[in-house]
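Numbering (the working numbering), first residue to last: 232 to 511.
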């Protein structure tokens, strides 16, 4: 039995496309409607089988939806949900997949109509690739989905959204929006920032000399620069705070090397190694 009758995806790129494919595969929704402001993206997603029906008009795309998930870039989510919400039916659940939640929560607080329920979310899944051709039907299997419920979120709506994501294979958890942004500034946004910074140091003439270490460390710098520009901006406060302890740690390693302090360098690297081993 489907979790929701009608699911509408606002954005059918890699994440939105993967939600659609997984929802259809696992019968999480009886019907999936796809909307995208880029006609060529919508066409490609339709050819891939991301949804049952394509709807190029936003108001029509959401009018019968039980669950609307906005899969647009983070800086566009608030605007799109505000526009879409007035066309949603009573009791519809609105959600998103943005990796920064504080700005969205602040922007939408008190502005959405009372007949809809807003439950922001963040699936911890993805890759450096983008677009519907990169979508897969198993992207969320074993991955974590985090909800950051708004004040008008109801227990029944929360249960339905969590059941939907569980049907896609995800594990579920809840966080406060500010706590979420502080955590993911360190565990996601800072690593991307470091990858971009390191990749930016490379002289193109030296690219042929890079090995696995450089490629692995900078892999996520292959992600869309526009997407990550807006993520960094959206979570700039927590991100700037996370840079401080990173620079302190880097400075400690630099000092140990400059002083040829083998004991201290070994201690720092061993502690880092032990922390890395804790990552599942």
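Cβ coordinates follow ideal geometry from the N, Cα and C atoms, glycine included.
Nothing here was measured: the structure is a model prediction, and the numbers come from that model.
Residue closest to residue i, alpha-carbon to alpha-carbon, out of the options
i: residue 329; options: 493, 431, 310; result: 310
i: residue 260; options: 447, 348, 237; result: 237
i: residue 347; options: 366, 335, 316; result: 316
i: residue 409; options: 270, 240, 469; result: 469
i: residue 344; options: 497, 319, 475; result: 319
i: residue 368; options: 486, 510, 285, 252; result: 252
i: residue 307; options: 509, 323, 268, 445; result: 268
i: residue 290; options: 372, 437, 312, 451; result: 312
i: residue 429; options: 439, 445, 436, 419; result: 445
i: residue 277; options: 296, 298, 321, 255; result: 255
Residue j beta carbon less than 8 Å from that of residue i
i: residue 379; j: residue 423; result: no
i: residue 374; j: residue 401; result: yes
i: residue 287; j: residue 266; result: yes
i: residue 292; j: residue 246; result: no
i: residue 272; j: residue 243; result: yes
i: residue 484; j: residue 391; result: no
i: residue 371; j: residue 356; result: yes
i: residue 335; j: residue 354; result: no
i: residue 382; j: residue 302; result: no
Per DSSP, cross-strand counterpart(s) of residue i
i: residue 298; result: 238, 324
i: residue 260; result: 235
i: residue 469; result: Paired residues: none, contrary to the question.
i: residue 390; result: Looking at the DSSP assignment, residue 390 forms no beta bridge with any residue, so it has no partner.
i: residue 354; result: 376
DSSP state of residue i mapped onto helix, strand, coil
i: residue 348; result: strand
i: residue 265; result: strand
i: residue 415; result: helix
i: residue 403; result: strand
i: residue 423; result: helix
i: residue 377; result: strand
i: residue 318; result: coil
i: residue 511; result: coil
i: residue 287; result: coil
i: residue 270; result: helix
i: residue 304; result: coil
i: residue 483; result: helix
i: residue 451; result: helix
i: residue 477; result: helix
i: residue 491; result: coil
i: residue 183; result: Given a span of 232 to 511 for the chain in the structure shown, any question on residue 183 remains unanswerable.
Close-in-space but distant-in-sequence residues of the same chain around residue i (CB under 6 Å, 5 per side omitted)
i: residue 394; result: 234
i: residue 366; result: 245, 248, 249, 252
i: residue 333; result: 408, 409, 412
i: residue 406; result: 377, 379
Residue i Cβ short of 7 Å to the ligand SAH heavy atom set
i: residue 286; result: Of the ligands one can find in the structure shown there are none, so the ligand SAH has no counterpart to examine.
Own chain, CB closer than 7 Å to residue i, minus 5 neighbours either side, in chain order
i: residue 473; result: 416, 417, 421
Same chain only: Cβ atoms within 8 Å of residue i, ignoring 5 sequence neighbours per side
i: residue 426; result: 448, 449, 450, 451, 452
i: residue 361; result: 244, 245, 454, 455, 458
i: residue 498; result: none
i: residue 282; result: 240, 243, 251, 255, 263, 264, 265, 276
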